[in-house]
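Enquirer: Residue numbers (my numbering), protein chains in the order written: chain A, 26 to 143; chain B, 101 to 244.
For every residue, glycine included, the Cβ atom is placed at its ideal position computed from N, Cα and C.
#1: Indicate whether residue 57 of chain A and residue 126 of chain A have their beta-carbon atoms separated by less than 8 Å.
#2: Between residue 179 of chain B and residue 90 of chain A, which are expected to be in contact by the criterion C-beta below 8 Å, what is the C-beta distance as a whole number of angstroms?
#3: Should residue 160 of chain B and residue 115 of chain B be called a contact, given that it needs their Cβ atoms to be closer than 8 Å?
#4: Beta-carbon of residue 114 of chain B versus every beta-carbon of chain A: anything under 8 Å?
#5: Can you say whether residue 74 of chain A is buried or exposed, counting buried as having 16 or more other CB atoms within 10 angstroms of its CB?
#6: I need the DSSP call for residue 37 of chain A, collapsed to helix, strand or coil.
#7: Report yes if the CB atom of residue 78 of chain A is closer than 8 Å to the CB atom of residue 130 of chain A, and no otherwise.
#8: Rounded to whole angstroms, what's the CA-CA distance from residue 182 of chain B to residue 189 of chain B? Just pull it up for me.
#9: Return the bridge partner residues of residue 31 of chain A from the DSSP annotation.
#10: Does the beta carbon of residue 36 of chain A come closer than 8 Å to any beta carbon on chain B?
#11: Which chain E residues sit within Cβ distance under 7 Å of residue 165 of chain B?
#12: Would you kindly work out how many angstroms separate the C-alpha atoms of residue 36 of chain A and residue 127 of chain B, rounded to a whole number?
#13: By Cβ distance, which residues of its chain are closer than 7 Å to residue 112 of chain B, with the 5 residues on each side in sequence left out?
#14: Answer yes or no: do residue 42 of chain A and residue 113 of chain A have a C-beta to C-beta separation smaller than 8 Å?
#15: Excluding the 5 residues preceding and the 5 following residue 172 of chain B in the sequence, name in chain order all residues of the same chain whose CB lies nearer than 6 Å to its CB.
#16: Mapping DSSP to helix, strand and coil, what is residue 70 of chain A?
#17: Would you call the CB atoms of residue 133 of chain A and residue 62 of chain A closer than 8 Å?
Here's what the structure looks like:
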């Protein structure tokens, strides 16, 4: 997080911040349900299902970075894997979807597990 | 962009539905085989795990849908004020179009636009004189 002084020197646009966060969150909640479908079809149980979810969420973040953040961010002089052009916190960007998408993941995971192996 | 992402997501969805159906059929076949062998010979029930092609199809289709969804997200906006204002100044409305080519509803334009048109500073006498000149010339042209 930037300090108060840095915020005064280079202010932040709240609307853009919210727009970016909402875009990322929409994607993550959609894909979390999708991963639940896949995990249910594969018939994963207990830890392997959660591991599947974590791995695919990180892949989602990486793909989103590659498709949306990287082209303009790197050309504007930021280092690779630096998301500070569009997001305030790096940890929030890479792992923020893990908790918010978990409920949807478990919902569709259990649903499709029951549908397939019933 | 939008058509490509929708097409990719659709193809992935079809593959995923096929994988789901295959897995369901496989499990139904397993349970059927288990009951038939149990009634015939009562030997050990064979329960094989999911075939490798269904596993691969599921994972590949997940990746395809994921790619389609990521490509379908809206473009991001820079959060630093100077970068954002510079983008508005350079690109105007073109930089804030969504996937359908329409300008976003919450696009506010130049944040300093209020400073660029100030009616209080208009030289009204000069404009009045110019208008009078224009009327005079127009009258002269019409009278000819």
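Expert: Working from what's here:
#1: In contact: residue 57 of chain A and residue 126 of chain A (Cβ atoms closer than 8 Å).
#2: In fact, because the Cβ distance is near 15 Å, the residues do not count as touching under 8 Å.
#3: Closer than 8 Å, so yes.
#4: The beta carbon of residue 114 of chain B sits no closer than 8 Å to any beta carbon of chain A.
#5: With 16 or more other Cβ atoms from the protein chains shown falling within 10 Å of its own Cβ, residue 74 of chain A counts as buried.
#6: For residue 37 of chain A, the secondary structure class from DSSP, reduced to helix, strand or coil, is strand.
#7: Yes, the Cβ-Cβ distance between residue 78 of chain A and residue 130 of chain A is below 8 Å.
#8: Cα to Cα, residue 182 of chain B sits roughly 10 Å from residue 189 of chain B.
#9: For residue 31 of chain A, which the question treats as bridged, DSSP gives no partner whatsoever.
#10: Taking Cβ atoms only, chain B reaches closer than 8 Å to residue 36 of chain A, which makes this a yes.
#11: Included in the structure are the protein chains A and B, with no chain E among them.
#12: Taking the straight line from one Cα to the other gives about 58 Å.
#13: The residues 161, 164, 165, 168, in chain order, have a CB closer than 7 Å to that of residue 112 of chain B in the same chain once the five nearest residues on each side in sequence are set aside.
#14: Taking 8 Å as the Cβ cut-off, residue 42 of chain A and residue 113 of chain A qualify as a contacting pair.
#15: So the list reads 105, once near-sequence residues are dropped.
#16: DSSP places residue 70 of chain A in coil when its eight states are reduced to three.
#17: Going by C-beta atoms, residue 133 of chain A is nearer than 8 Å to residue 62 of chain A.
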